[in-house]
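Below: the structure, in structure tokens.
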Amino acid sequence: MQSQEINKDQQVENVEVSKPGDSTIFKSLLTRIKEQNLPFTENEHMAIQDIFDILLQYSMIRGEKNQTIICFVQYLISQLSGNPELNKLSLGYIAEKSQAQLFAVKRLWNTTISQEVFLDQIPKWQGQRPISELKSIE
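The sequence shown begins at 96 in my numbering and counts up one residue at a time.
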């Protein structure tokens, strides 16, 4: 994989898991998340990297488009955030902002949050809402 800008339609296939935070794909995803200017705290930005690492470790995002992953991670952080403004954001709004297909994000969301092993490894940060508040989306 070249170290140039990653196409937003590119799919995540085989990323070396030894240091996922150093991968070109992760850096591109993080840049795109920051460009969307959602009011995440520094702790929430750190949680984004941890969540990405967990998703890679368990191959939960293999084959997913970058914008689907971006939307999923942003929605997850916004739902766990202690910031009520972020809690109000709908998945549809974030999907539109991320240029993601809503159906694909819902599928990834419902599959992922039903996995206890994933939920148990979500990092905790100050002000975080309980993980038990994450619900499936119809």
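The C-beta atom is built at its ideal place from N, Cα and C for all residues, glycine as well.
Item                                                                                                                                               : Value
Out of curiosity, what's the CA-to-CA distance linking isoleucine 156 and serine 123?                                                              : 15 Å
Could you check whether isoleucine 217 and isoleucine 165 sit closer than 7 Å to each other, using their CB atoms as the reference points?         : no
Is lysine 160 helix, strand or coil when you go by DSSP?                                                                                           : strand
Can you tell me whether DSSP reads proline 179 as helix, strand or coil?                                                                           : helix
Let me make sure I understand the geometry here. Which of Leu214, Asn205, Phe213 and Phe167 has the alpha-carbon closest to that of glutamine 194? : Phe167
Please confirm whether histidine 140 has its beta-carbon closer than 7 Å to some beta-carbon of chain B.                                           : The structure shown contains no chain B; it is built from a single protein chain.
Pick helix, strand or coil for methionine 155, following the three-state DSSP scheme.                                                              : coil
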